[in-house]
Every structure is written in C-alpha cells, then in structure tokens.
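In what follows, a structure is listed as structure tokens, so that the remarks can point back to it.
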Amino acid sequence: GAVVSQHPSWVICKSGTSVKIECRSLDFQATTMFWYRQFPKQSLMLMATSNEGSKATYEQGVEKDKFLINHASLTLSTLTVTSAHPEDSSFYICSASSFGGSSYNSPLHFGNGTRLTVT
Amino acid sequence: SQQGEEDPQALSIQEGENATMNCSYKTSINNLQWYRQNSGRGLVHLILIRSNEREKHSGRLRVTLDTSKKSSSLLITASRAADTASYFCAPGPQGGSEKLVFGKGTKLTVNP
Numbered sequence: 166g167a168v169v170s171q172h173p174s175w176v177i178c179k180s181g182t183s184v185k186i187e188c189r190s191l192d193f194q195a196t197t198m199f200w201y202r203q204f205p206k207q208s209l210m211l212m213a214t215s216n217e218g219s220k221a222t223y224e225q226g227v228e229k230d231k232f233l234i235n236h237a238s239l240t241l242s243t244l245t246v247t248s249a250h251p252e253d254s255s256f257y258i259c260s261a262s263s264f265g266g267s268s269y270n271s272p273l274h275f276g277n278g279t280r281l282t283v284t
Numbered sequence: 050s051q052q053g054e055e056d057p058q059a060l061s062i063q064e065g066e067n068a069t070m071n072c073s074y075k076t077s078i079n080n081l082q083w084y085r086q087n088s089g090r091g092l093v094h095l096i097l098i099r100s101n102e103r104e105k106h107s108g109r110l111r112v113t114l115d116t117s118k119k120s121s122s123l124l125i126t127a128s129r130a131a132d133t134a135s136y137f138c139a140p141g142p143q144g145g146s147e148k149l150v151f152g153k154g155t156k157l158t159v160n161p
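Sequence order for the protein chains is A and B.
Residue numbering for the first sequence follows the numbering used here, beginning at 166 and increasing consecutively.
Residue numbering for the second sequence follows the numbering used here, beginning at 50 and increasing consecutively.
Given below as structure tokens:
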C-alpha cells in the first residue's frame with residue numbers, strides 16, 4: 166500500500182515551454198503533498214507544500230509564478246514549470262503522507278521522480 | 050523544520066560487512082525517520098523512531114536515537130550489494146509539521 170505515482174518519469178523540453186508533472190497517491194488520500202528538486206549528487210531541496218483545495222506554501226527563494234502547484238483533489242497534485250530554462254533542468258520528486266492532519270508520526274511516500282531536461 | 054546532517058558523506062564497504070551511518074540534528078524532535086534513495090529514484094521510507102524510543106529494529110536495520118545528544122544512527126547488518134544507495138535522516142520537529150527537510154545524506158557503496 167501507500168503508493169505514489171509520478172508522471173512522466175523523464176521529459177525533455179525546449180527553452181520557453183511549460184512542463185506539467187503529475188503526482189498521484191494511488192491507494193490513499195493525501196491532504197498534503199510535498200515537492201522537492203534535486204541536483205546531481207546533492208540533497209533534496211524542498212520547494213513547496215501542496216495542500217488540497219488551497220494555495221501551495223512555497224519555501225523561501227522558490228518562485229511561485231514559475232513553479233505552479235495545483236492540488237485539486239485528495240489524490241492528485243501537479244507541478245507546472247512555466248517558461249522553462251536550462252537552469253530548471255533537475256530531478257523533481259513529489260511525496261505525500263498517508264496520514265493527514267494531526268498525525269506527525271507517519272512516513273512520507275515518494276514518487277519515483279521526474280528527470281527534466283530543458284534544451 | 051530542521052534538517053539532519055548525516056555522517057560520513059560516503060562509505061564504502063564489502064558485502065557482508067556492517068554499515069553504520071550517523072545523523073545529528075539541532076532542535077527537539079517528535080520523531081526521526083530514515084530514508085533510502087537508489088540512484089535516479091525517489092526516496093523509500095525505512096524506519097521511524099519516536100522521541101521516546103531508544104532503539105528500533107526492522108530486518109537487518111537497527112536504528113538508535115539519543116535525544117540528549119541529538120543524534121541517531123542507522124546500522125545495516127550483513128550488507129548486500131543491493132544496499133548500495135544514499136541514506137538520509139529526517140528529524141520530525143516538535144510542534145507539528147509533516148514537512149521534512151533532508152541533508153546531504155550518506156552515500157553507501159557495498160562492493161560485491
């Protein structure tokens with residue numbers, strides 16, 4: 166149980182275009198999902214917290230107009246990289262908790278990531 | 050949220066040996082979690098230890114927690130080549146937040 170599906174697993178796009186990445190919780194409801202990005206051989210950097218039915222909360226230094234997050238349902242969050250540039254090339258990973266609200270003793274379940282290459 | 054700091058940054062051992070990784074953090078926690086990341090993949094949750102626990106086992110994994118020293122360790126016994134991955138600790142802060150921040154991890158290489 167507790168599977169998170171992330172799609173696509175890799176994408177190549179041209180500079181200036183937008184790319185949408187989907188993150189789905191397949192067998193549980195996720196009121197909160199998290200988006201990370203990871204540069205080669207580096208740690209995951211938390212970009213934003215996605216809450217179902219409300220605006221995402223972005224970490225300091227992350228451009229909310231560039232990285233649009235939508236959490237329209239309890240099983241789906243999307244990250245859209247708008248007007249992508251080569252420096253946006255990275256590995257993007259989503260995660261979700263199978264327990265929402267007041268339970269903080271629960272693990273996060275991660276998608277397998279999306280490798281974005283902007284040419 | 051706070052991130053943990055893993056040590057060492059890299060560890061190379063032979064198959065069958067034990068691997069020990071350490072994690073330090075700065076402020077009080079509700080729990081601490083360990084995750085594994087295989088190259089090019091997402092993270093996989095390994096084990097969660099609560100702040101009132103001192104030791105926890107799961108298969109070949111043993112995690113200890115010393116809240117007085119603000120540190121944790123992950124021991125993998127009888128390592129296998131398949132254990133080759135990066136390992137991250139994630140302190141779960143008191144006060145309530147599911148948000149986890151990750152450090153640089155320990156890159157473990159198990160040589161066959």
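Just so you know, even glycine gets a beta-carbon here, dropped at the ideal spot from N, CA and C.
In this text, all values refer to a predicted model and were calculated from it rather than measured experimentally.
For the region 68-88 of chain B, which residues have a beta carbon sitting closer than 7 Å to at least one beta carbon of chain A?
79, 80 and 82
As assigned by DSSP and simplified to three states, the class of residue 286 of chain A:
Missing from the structure shown is residue 286 of chain A; chain A here goes from 166 to 284 and no further.
Of the listed residues A:204, A:199, A:192 and A:194, nearest to residue 282 of chain A (C-alpha basis):
Locating residue 282 of chain A in the first sequence gives position 117, counting from the first residue. Nearest of A:204, A:199, A:192 and A:194 to residue 282 of chain A, Cα basis: A:204.
When we look at the beta-carbon of residue 268 of chain A and count the other beta-carbons within 10 Å, is it buried (16 or more) or exposed?
The residue given as residue 268 of chain A occupies position 103 in the first sequence. Here residue 268 of chain A scores only 48 on pLDDT, less than 50, and its place in the model is too uncertain to base an answer on.
Expressed to the nearest angstrom, what Euclidean distance is found between the alpha-carbon atoms of residue 120 of chain B and residue 75 of chain B?
Taking the second sequence and counting its residues from 1, the one referred to as residue 120 of chain B is at position 71. Taking the second sequence and counting its residues from 1, the one referred to as residue 75 of chain B is at position 26. Going from the Cα of residue 120 of chain B to the Cα of residue 75 of chain B covers about 9 Å.
Given a threshold of 16 other Cβ atoms within 10 Å of its Cβ, counted over all protein chains shown, does residue 66 of chain B qualify as buried or as exposed?
Counting from 1 along the second sequence, the entry for residue 66 of chain B is found at position 17. Exposed, because fewer than 16 other Cβ atoms sit within 10 Å of the Cβ of residue 66 of chain B.
I'd like to confirm something about residue 281 of chain A: is its beta-carbon nearer than 7 Å to some heavy atom of the ligand SAH, or not?
For the structure depicted, the ligand SAH is absent and the ligand set is empty, with no information on it obtainable.
Sub-8 Å separation of residue 276 of chain A and residue 256 of chain A beta-carbons
Position 111 of the first sequence, counted from the first residue, corresponds to residue 276 of chain A. Position 91 of the first sequence, counted from the first residue, corresponds to residue 256 of chain A. Not closer than 8 Å, so no.
Closer than 6 Å by C-beta to residue 223 of chain A: which residues in its own chain qualify, once you throw out the five before and the five after it? Chain order, please.
The count along the first sequence starts at 1 and reaches residue 223 of chain A at position 58. The residues are 213 and 229.
Three-state secondary structure (DSSP) at residue 228 of chain A?
As a first step, residue 228 of chain A is located in the first sequence; it is residue number 63 there, counting from the start. DSSP places residue 228 of chain A in coil when its eight states are reduced to three.
With a threshold of 8 Å between beta-carbons, can residue 65 of chain B be considered close to chain A, or not?
Translated into positions along the second sequence, residue 65 of chain B becomes position 16. No, no contact with chain A.
Provide the residue(s) that pair with residue 56 of chain B in DSSP beta bridges, ordered along the chain.
Along the second sequence, one-based indexing puts residue 56 of chain B at 7. In DSSP, residue 56 of chain B forms a bridge with B:71.
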